[in-house]
Amino acid sequence: MSDESNNAGASRRRFLLVSAAGLAAAPMARIAIAQNAEKVDENSPQAKALDYHHDASKVTNPKRKKDQFCHNCSFFQGTAKDKWAPCAVFQGKQVAAGGWCSTWVAKT
Ligand code: SF4
26 MSDESNNAGA SRRRFLLVSA AGLAAAPMAR IAIAQNAEKV DENSPQAKAL
76 DYHHDASKVT NPKRKKDQFC HNCSFFQGTA KDKWAPCAVF QGKQVAAGGW
126 CSTWVAKT
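Just so it is clear: in the sequence shown, position 79 is 104 by this note's numbering, and no numbers are missing.
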């Protein structure tokens with residue numbers, strides 16, 4: 026094999042490695058940015074429309090069951106340790122793990 030084809034192969038491998046590293050890092054960067062996002066304003070039109078509360082015990086909506094919280098909703102993007110985390114419904118904002126809104130869907 027010539028030096029030229031070896032260089033092309035090395036260059037291609039380097040490109041693939043850098044691309045793979047970039048793809049792996051992108052979701053982590055997105056999560057880090059989202060976790061620095063501001064908290065949902067309970068008085069915002071969207072929060073009011075969805076009956077969102079930081080403290081689910083304050084929810085009077087009859088749709089809510091006692092065991093429903095943001096932390097066990099499929100839209101909650103945090104871990105079990107997170108007190109606040111991004112929510113897919115409230116784009117760019119964080120919701121409280123102990124919160125709730127009428128969009129709640131059981132985490133599977
Ligand atoms: Fe909480 Fe789920 Fe509503 Fe988001 S969609 S605010 S995680 S209950």
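Think of the CB as a built atom: it goes at the ideal place given N, C-alpha and C, for glycine as much as any other residue.
*Short Cβ contact (8 Å threshold) for K118 with V84*: Cβ distance not < 8 Å, so K118 and V84 don't count as in contact.
*Which one or two residues does DSSP pair with K64 in a beta bridge?*
K64 is bridged by DSSP to Q119.
_Secondary structure of A96, DSSP reduced to three states_ = It should be noted that the sequence gives His, not Ala, for residue 96. Here H96 sits in helix by DSSP.
*Compute the Euclidean distance between the alpha carbons of G47 and Q102, then round it to the nearest angstrom.*
For G47, the pLDDT reaches just 49, beneath the cut-off of 50, and the residue's location in the model is therefore unreliable, although a value from the coordinates is still provided. Spanning the two alpha carbons is a distance of roughly 21 Å.
*What residue range is occupied by the uninterrupted beta strand (DSSP E) comprising P111?*
Unbroken beta strand (DSSP E) run through P111: 109-111.
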